[in-house]
Amino acid sequence: MAYCVTERLVASLSGVDAGYGTRQILHGIDFTVHRGQVVAIMGGSGSGKTTLLRLLTGQLRPWSGTVEVLGVRLDQASEAQRYALRRRIGMLFQFGALFTDLDVFENVAFPLREHTRLPEPLIRDLVLLKLEAVGLRGAARLKTSELSGGMARRVALARAIALDPELILYDEPFAGLDPISLATIGTLIRRLNDALGAASVVVTHDVVESLALVDYVYFVSRGHIVAHGTPDAIRNASDPYVRQFVHGEIDGPAPFHYPAPPLAEALMEEI
Amino acid sequence: MINAVARLGQATIDTVVQLGFAARFVIALLRHSGMTFRRVPLLIRDLYFAGVLSILIIVVSGAFVGLVLGLQGYDTLQRFGSETALGGVVALSLLRELGPVVAALLFASRAGSAMTAEIGLMKATEQLDAMDVMAVNPIARVIAPKFWAGVIAMPLLAGIFSAVGILGGWFIGVVVIGVDHGTFWSQMQNAVDFDADVRNGIVKSFVFGVIVTWIAVFQGWSCTPTAEGVSRAITKTVVYGALAVLAADFVLTAFMFIGR
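So the sequence lines, in the order shown, correspond to chains A and B. Residue 175 in my numbering sits at position 175 of the first sequence; the count goes up by one each step and never skips. Every position in the second sequence, counted from 1, becomes a number in my numbering once 271 is added.
Structure (structure tokens):
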């Protein structure tokens, strides 16, 4: 994979605790991503992966620790600084989050219209180039309701890269896709990252596709990073949780049974 | 007993917290309203959805209310031999009370519920989050244009309601029952005072527009982003909107009478 860790640091979290209200989700997170890198954040549902993404976009402030993205300290940034930074970030949401009142073309044109004063012919050319990059130039005038799940994800990807971001974030990009769409999205993530010279962070629990695609993996469990390393290191990791996750074992540190009193006791209970 | 007190206390705290959120929300909304007036197409789009698409229900309802007022008004007035005052009664009822209040109730159920549903669904499908991450403030881009569209549309819809209602009263009184055409209109002209009746009616409908649209956009913005959450928010918009309009009508009417 074409990256070098001595390249510019794009995002880093150091000793980060974070949560919502009084509920702590993340504990002492250390995380880095460099230019050219595609990094996966893996873990089960509710482990804190999406919270980590929200820290990177500045939608959530850490309770403690530092969050630095593209040279901006998000733990100290004002609202204006956070908004200015987000123009340099692209994000693909789990189900695309396309604007349902706009067609495909207008969805991709949205960031360009909001943040630039480019003339209409140039916006048209840029949108068609972005759609060409995801293979959907021919679908430019379709409504969002006419798109399949995979197509919606690709349109959202074209929208996410409309302003040539330096950091691209993906929230569960493979969820609910058929194998062809899944392979397409996987290829696009890698290809677009390398073409734009950006850095990408992929939150996912799709093990096979992700390990084939990414340069580095962080494993999150119950708000802690329990393992990190290259895909090969993760495949051979000795950590029981990572082994269970990578090999898809139904029982292990993440138990099959939700905590409950013994079955015999429950059966003998009087109703 | 202690549990009941605790539940009451919790409900009070929840209500106060919710009111605090609603107040902060409206402050943020006003702070980010600049874009609405700089990018007029956004406002026009929402004016179309909140205002133009509500005209049909307003016209039909206004006509029926006017027809009923014509019948009831004539029936009551003739007992006192005052059927010639029908024009004034119909106009005053509509301009002072029924126009602003009924139009606001209809607006809450048609446009208000549609606003809540649209914002709630945008929240549930992460469209508002996506906008925020794209460095586009969703309050400025989505919420503020809807709010101002509602505030602008409401007095206009109330005006249409009253106008159509008066025509309905005229139809029943003059065309069907046979009250004198000239008397009907001249009585109305004599009875209606611009300041006390028309202007106060406009003030009421403006206030109702602010209240109903604020409730509608806030319920959409703060709803739980699930199918059930959106459906609850829509119900709250209609119920809270209707109650708030009726309560505000009493307060405004009291002040308007004291001021005379």
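Glycine included, each C-beta is placed from N, C-alpha and C at the ideal position.
In the three-state reduction of the DSSP assignment, Q37(A) falls in the coil class. For D164(A), DSSP records no beta bridge to any residue. Counting only unbroken stretches of 3 or more residues, no beta strand (DSSP E) element lies wholly within the stretch 289-317 of chain B. Taking a Cβ-Cβ cut-off of 8 Å, the neighbours of T396(B) in chain A comprise F95, A97 and T100, given in sequence order.
Counted as a single uninterrupted DSSP element, the alpha helix (DSSP H) harbouring E132(A) occupies residues E120 to A133. Going by C-alpha positions, I414(B) is about 32 Å away from G280(B).
Taking the Cα positions, N236(A) is about 51 Å away from V288(B).
Looking at the DSSP output, H247(A) sits in no beta bridge, so it has no partner there.
For the pair of segments examined, the stretch 29-42 of chain A was found not to touch the stretch 76-93 of chain A: the number of CB pairs separated by less than 8 Å stays below three. With fewer than 16 neighbouring CB atoms inside 10 Å of its own CB, F335(B) falls in the exposed class.
Interface criterion not met: the Cβ of V516(B) is under 7 Å from no Cβ in chain A. Residues of the same chain with a CB within less than 6 Å of the CB of N471(B), apart from the 5 flanking positions on each side, are M527 in chain order. In the three-state scheme derived from DSSP, where H, G and I count as helix and E and B as strand, T497(B) is classed as coil.
Within chain B, the residues placing a beta-carbon under 7 Å from that of P111(A) are M405, ordered along the chain.
Listed along the chain, the chain A residues whose CB falls inside 8 Å of the CB of D400(B) are Q59, F93 and A97.
With distances taken between CA atoms, E166(A) lies nearest to A199(A) out of L192(A), A199(A), R154(A) and R117(A). Here the alpha carbon of F465(B) sits roughly 10 Å from the alpha carbon of L366(B). Here the C-alpha atom of A133(A) lies approximately 13 Å from the C-alpha atom of D194(A).
Bounds of any beta strand (DSSP E) do not take in G96(A), whose DSSP letter is neither H nor E. Using a 10 angstroms sphere on the CB of R310(B), the tally of other CB atoms stays under 16, which defines it as exposed. The shortest C-alpha to C-alpha distance from G512(B) to any of V463(B), A375(B) and G449(B) is the one to A375(B). Counting only runs of at least 4 residues, the stretch 359-413 of chain B fully encloses the following alpha helix (DSSP H) elements, listed from N- to C-terminal order: 370-378, 384-395 and 398-404. Taking a Cβ-Cβ cut-off of 9 Å, the neighbours of R87(A) in chain B comprise M405 and A406, given in sequence order. When C-beta distances to chain B are compared with 9 Å, every residue of the stretch 202-214 of chain A stays at or above that value. Closest by C-alpha distance to A152(A), out of L131(A), D164(A) and L169(A), is L131(A). Relative to the Cα of V226(A), the nearest Cα in the group L26(A), A264(A), R8(A) and L9(A) belongs to L26(A).
For Y83(A), the chain B residues whose C-beta falls within less than 8 Å of its own C-beta are A406 and N408, listed in chain order.
Under the three-state reduction of DSSP output, A199(A) falls in the strand class.
Residue environment for F351(B): exposed (fewer than 16 other C-beta atoms within 10 angstroms of its C-beta). Note that the C-beta distance between V207(A) and V39(A) is not below 7 Å.
If you check each beta-carbon in the stretch 102-134 of chain A against every beta-carbon of chain B, the ones closer than 9 Å belong to F110, P111, E114 and H115. Annotation for F442(B): no beta strand (DSSP E) segment contains it, and DSSP assigns it neither H nor E. Contact between the stretch 441-460 of chain B and the stretch 488-498 of chain B is absent: fewer than 3 CB-CB pairs across the two stretches fall below 8 Å. For M527(B), the three-state secondary structure derived from DSSP is helix.
When DSSP states are grouped into helix, strand and coil, Q59(A) belongs to the coil group.
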